[in-house]
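Colleague: Structure provided below as structure tokens; questions to follow.
Chains as they are written, first to last, in the working numbering: chain B, 132 to 526; chain L, 5 to 224.
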């Protein structure tokens with residue numbers, strides 16, 4: 132807790148220094164700060180909502196990149212971590228695409244000492260939208276001089292989304308740094324009267340670990356819950372189970388509160404500078420507003436609400452909903468831009484039956500002889516005369 | 005007054021009369037709706053664009069509609085002609101971007117997008133990724149840009165949804181939600197990009213599911 136003032140000051144500085152969101156690609160600046168009785172963290176987070184996606188310049192080619200960095204301060208130990216990733220997806224056929232991923236990971240100050248690692252991965256991805264499977268191979272390289280296992284590592288998985296729940300299951304190999312201890316009992320020499328010495332040897336090696344993991348995410352309105360659980364197997368140590376869960380609530384469009392709970396995960400599967408079981412409560416500030424936190428406001432504030440009903444063939448009923456008005460009129464291309472009065476149906480409903488040719492139509496509405504405005508609930512477009520018109524499509 | 009001066013005046017009078025007769029003739033030959041709602045000079049100018057556009061095999065009804073709209077809104081003659089000219093050029097640009105096999109409705113919708121400042125490359129990209137009619141995607145694209153979503157972000161949103169095979173109704177629903185977010189105070193670009201993610205999968209980022217935990221603020 133003695134680091135709290137310094138961390139609070141760092142948070143304030145980071146907020147002030149946060150670059151504004153670039154409207155063109157929507158890249159945000161996000162600050163994460165968290166506290167727990169014996170640890171604290173501050174840093175920049177690359178949540179799935181904050182990936183920097185490059186503007187698409189070539190049809191069908193998608194690219195994305197993220198950066199995350201942070202300082203975690205636990206009892207007696209501080210770890211500085213950073214990770215940058217980039218991906219490029221190239222379509223081969225309508226359902227098949229090739230994906231290239233590259234990442235750089237740095238950890239300074241942890242029990243693993245200073246480590247800088249790169250990972251490049253090539254994948255074949257089959258599927259569309261949020262349902263797909265992938266198969267790929269990856270190579271890792273240690274820039275700090277460590278000897279990583281050679282050869283390609285396997286990665287395969289599936290992802291799907293059902294309503295508001297997204298799940299993914301994957302089997303991925305990573306190079307993990309494994310510390311194991313062995314006790315050497317020396318043999319007793321003939322004639323010795325004392326017990327032979329016992330030597331404890333601690334050795335650190337890199338080993339190819341196979342990780343099976345399941346990820347699930349549920350989000351609705353302001354609340355999002357994510358959970359990832361996995362099992363890591365390697366030749367040198369016993370199987371390790373790990374799990375991490377995070378929940379967040381958007382308080383304002385720019386501020387969310389979050390809580391996380393979990394233990395250490397393989398370094399490429401969760402960027403977590405903590406090497407122990409942990410729990411954190413924190414806040415996330417972002418320069419990009421979270422629409423989920425924005426109060427749902429009626430889109431028709433001040434504008435008459437529009438509804439189109441198809442009667443059959445080219446006949447339609449145009450309905451306008453407007454409270455406490457005496458007259459309602461519309462005009463559009465289908466009226467040759469002449470006013471057409473609507474009849475009062477009931478309550479706030481006004482309507483008229485008209486014929487519409489298939490295609491795009493533009494329309495404006497007027498209440499009680501006032502200003503011509505695009506009805507709410509319709510797409511709109513500038514009319515070229517300093518105003519706007521509603522746009523709808525007749526089948 | 006000298007003879008030369010008189011000759012000059014006579015020539016000017018003849019030229020003026022000729023121009024008036026020409027305008028009257030073109031206006032007479034113009035679409036009767038134009039002649040009924042516009043002054044002869046404006047109707048003549050609009051008709052010239054109609055004939056020119058017709059000659060290119062493009063739909064002309066949007067031009068007449070645009071002129072009638074201007075008349076209904078009391079726009080000046082210059083404003084009406086400028087709006088009609090912009091519409092005519094946009095129709096040609098839209099067809100070039102969408103391809104010669106595009107339907108009339110697609111060209112009209114594409115012109116709306118072009119007039120809303122959507123880059124023509126976005127129309128071409130949309131044609132490349134989405135099979136079937138593009139009328140609704142183009143309407144949605146134009147609407148997003150009209151609502152101050154940056155053109156590149158708007159195009160990315162509609163293209164992503166199209167790649168995910170979003171149906172017309174889903175695209176219209178996407179547009180409605182983005183409109184609601186913007187009305188409620190979200191930045192237009194943020195609203196579009198955030199809603200676009202529903203087509204990429206809201207859960208683990210489709211390309212890198214390993215980042216999923218930090219989506220809710222796990223942080224480093």
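We treat Cβ as the ideally placed atom computed from N, Cα and C, and that holds for glycine.
Looking only at its chain, what residues have a beta carbon closer than 6 angstroms to the beta carbon of residue 348 of chain B, apart from the 5 residues adjacent to it on each side?
Modeller: If we look at residue 348 of chain B and ignore the five residues flanking it on each side, its Cβ neighbours are 297 and 357.
Colleague: Can you name the residues that DSSP bridges to residue 342 of chain B?
Modeller: Answer is B/303 and B/363.
Colleague: Would you say residue 44 of chain L reaches chain B, if we count a Cβ-Cβ gap shorter than 9 angstroms as a contact?
Modeller: Chain B, which has no Cβ nearer than 9 angstroms to the Cβ of residue 44 of chain L, makes this no.
Colleague: Span of the alpha helix (DSSP H) holding residue 181 of chain L?
Modeller: That run of the alpha helix (DSSP H) goes 172-187.
Colleague: Classify residue 404 of chain B as buried or exposed, calling it buried when 16 or more other Cβ atoms lie within 10 Å of its own Cβ.
Modeller: Bear in mind that a pLDDT of 48 at residue 404 of chain B, under 50, signals an unreliable position, so the number given afterwards is only what the model happens to contain. Residue 404 of chain B comes out buried.
Colleague: What does the Cβ neighbour count give for residue 126 of chain L, buried or exposed, with the cut at 16 atoms within 10 Å?
Modeller: By the 10 Å Cβ count, residue 126 of chain L comes out buried.
Colleague: Got a sec: which bits of the stretch 57-69 of chain L sit with their beta carbon under 7 angstroms from any beta carbon on chain B, in order along the chain?
Modeller: Answer in chain order: 69.
Colleague: Contact between the stretch 268-276 of chain B and the stretch 311-324 of chain B is defined here as three or more beta-carbon pairs at a separation below 8 angstroms; is this criterion met?
Modeller: Touching, no.
Colleague: Are the beta-carbon atoms belonging to residue 513 of chain B and residue 150 of chain L less than 9 angstroms from one another?
Modeller: Yes, the pair counts as a contact, with Cβ atoms nearer than the cut-off.
Colleague: Would you check if the distance between the CB atom of residue 448 of chain B and the CB atom of residue 391 of chain B is smaller than 9 angstroms?
Modeller: Cβ atoms of residue 448 of chain B and residue 391 of chain B: not closer than 9 angstroms.
Colleague: Taking DSSP as the reference, what is the three-state secondary structure of residue 92 of chain L?
Modeller: Residue 92 of chain L: helix per DSSP, three-state reduction.
Colleague: Straight-line CA distance for residue 85 of chain L to residue 71 of chain L?
Modeller: Whole-angstrom Cα-Cα distance: 7 angstroms.
Colleague: Does the beta carbon of residue 515 of chain B come closer than 9 angstroms to any beta carbon on chain L?
Modeller: Yes, residue 515 of chain B counts as interfacial toward chain L.
Colleague: If contacts are defined as beta-carbon pairs under 8 angstroms, then residue 343 of chain B and residue 302 of chain B qualify, I think. What distance do you get, rounded to the angstrom?
Modeller: Between residue 302 of chain B and residue 343 of chain B the Cβ distance is about 5 angstroms, and since that is below 8 angstroms, they are a contact.
Colleague: If you draw a straight line from the alpha carbon of residue 172 of chain L to that of residue 335 of chain B, how long is it in whole angstroms?
Modeller: Looking at the two C-alpha atoms, the distance is approximately 57 angstroms.
Colleague: Could you please give me the residues that DSSP links to residue 200 of chain L through a beta bridge?
Modeller: In DSSP, residue 200 of chain L forms no bridge with anything.
Colleague: Between residue 487 of chain B and the rest of its own chain, which residues show a CB-CB distance below 7 angstroms, the 5 nearest in sequence each way excluded?
Modeller: Only 445, 447, 465 and 525 meet the Cβ criterion.
Colleague: Using beta carbons (cut-off 9 angstroms, strictly below), is residue 150 of chain L in contact with chain B?
Modeller: Yes - at least one Cβ of chain B is within 9 angstroms of the one on residue 150 of chain L.
Colleague: Going by C-alpha to C-alpha distance, which of B/237, B/472 and B/371 sits closest to residue 212 of chain B?
Modeller: The shortest Cα separation from residue 212 of chain B among B/237, B/472 and B/371 belongs to B/237.
Colleague: For my contact list, residue 475 of chain B and residue 481 of chain B are in at a C-beta cut-off of 8 angstroms; report their separation, rounded to the angstrom.
Modeller: Right, the Cβ-Cβ distance comes to about 6 angstroms (below 8 angstroms), so this counts as a contact.
Colleague: Does DSSP classify residue 446 of chain B as helix, strand or coil?
Modeller: Correct three-state label for residue 446 of chain B: strand.
Colleague: According to DSSP, is residue 105 of chain L helix, strand or coil?
Modeller: Reduced to three states, the DSSP call for residue 105 of chain L is coil.
Colleague: With a cut-off of 9 angstroms, does the C-beta of residue 276 of chain B fall near any C-beta of chain L?
Modeller: No - not a single Cβ of chain L is within 9 angstroms of the one on residue 276 of chain B.
Colleague: Using a beta-carbon distance below 9 angstroms, is residue 506 of chain B in contact with chain L?
Modeller: False, the Cβ-Cβ gap to chain L never drops below 9 angstroms.
Colleague: In chain B, which residues lie less than 7 angstroms from residue 74 of chain L when you measure between Cβ atoms?
Modeller: Result: 516.
Colleague: From which residue to which residue does the beta strand (DSSP E) around residue 266 of chain B run?
Modeller: Taken as a continuous stretch (DSSP letters only), the beta strand (DSSP E) holding residue 266 of chain B covers 262-273.
Colleague: Fully enclosed by the stretch 451-521 of chain B, which beta strand (DSSP E) runs are 3 residues long or longer?
Modeller: The qualifying runs are 459-463, 474-477, 480-486, 490-498 and 510-513.
Colleague: Would you mind sorting residue 502 of chain B into buried or exposed? The rule is 16 or more other CB atoms within 10 Å of its CB.
Modeller: Looking at its Cβ environment, which holds fewer than 16 other Cβ atoms inside 10 Å, residue 502 of chain B is exposed.
Colleague: Counting only beta-carbon separations shorter than 9 angstroms, does residue 223 of chain L have a partner in chain B?
Modeller: Annotation note: pLDDT 29 at residue 223 of chain L (below 50); position unreliable, no value reported.
Colleague: Among B/362, B/337 and B/319, which one has its Cα closest to the Cα of residue 329 of chain B?
Modeller: Per the Cα distances, B/319.
Colleague: To the nearest whole angstrom, what separates the beta carbons of residue 537 of chain B and residue 215 of chain B, a pair I think is in contact under 8 angstroms?
Modeller: This structure gives no information on residue 537 of chain B, because the portion of chain B shown stretches from 132 to 526.
Colleague: Chain B partners of residue 39 of chain L, CB-CB under 9 angstroms?
Modeller: In chain order: nothing, as chain B lies at least about 13 angstroms away.
Colleague: Taking the alpha carbon of residue 136 of chain L as the reference point, which residue from L/107, L/116, L/124 and L/117 has its own alpha carbon closest?
Modeller: Closest by alpha carbon: L/107.
Colleague: Does the Cβ of residue 130 of chain L have 16 or more other Cβ atoms within 10 Å, making it buried, or fewer, making it exposed?
Modeller: Buried, because 16 or more other Cβ atoms sit within 10 Å of the Cβ of residue 130 of chain L.
Colleague: For residue 450 of chain B, does the count of other Cβ atoms within 10 angstroms reach 16, so buried, or fall short, so exposed?
Modeller: Label assigned to residue 450 of chain B: buried.
Colleague: Just to confirm before moving on: does the CB-CB distance between residue 50 of chain L and residue 38 of chain L stay below 9 angstroms?
Modeller: Yes, the pair counts as a contact, with Cβ atoms nearer than the cut-off.
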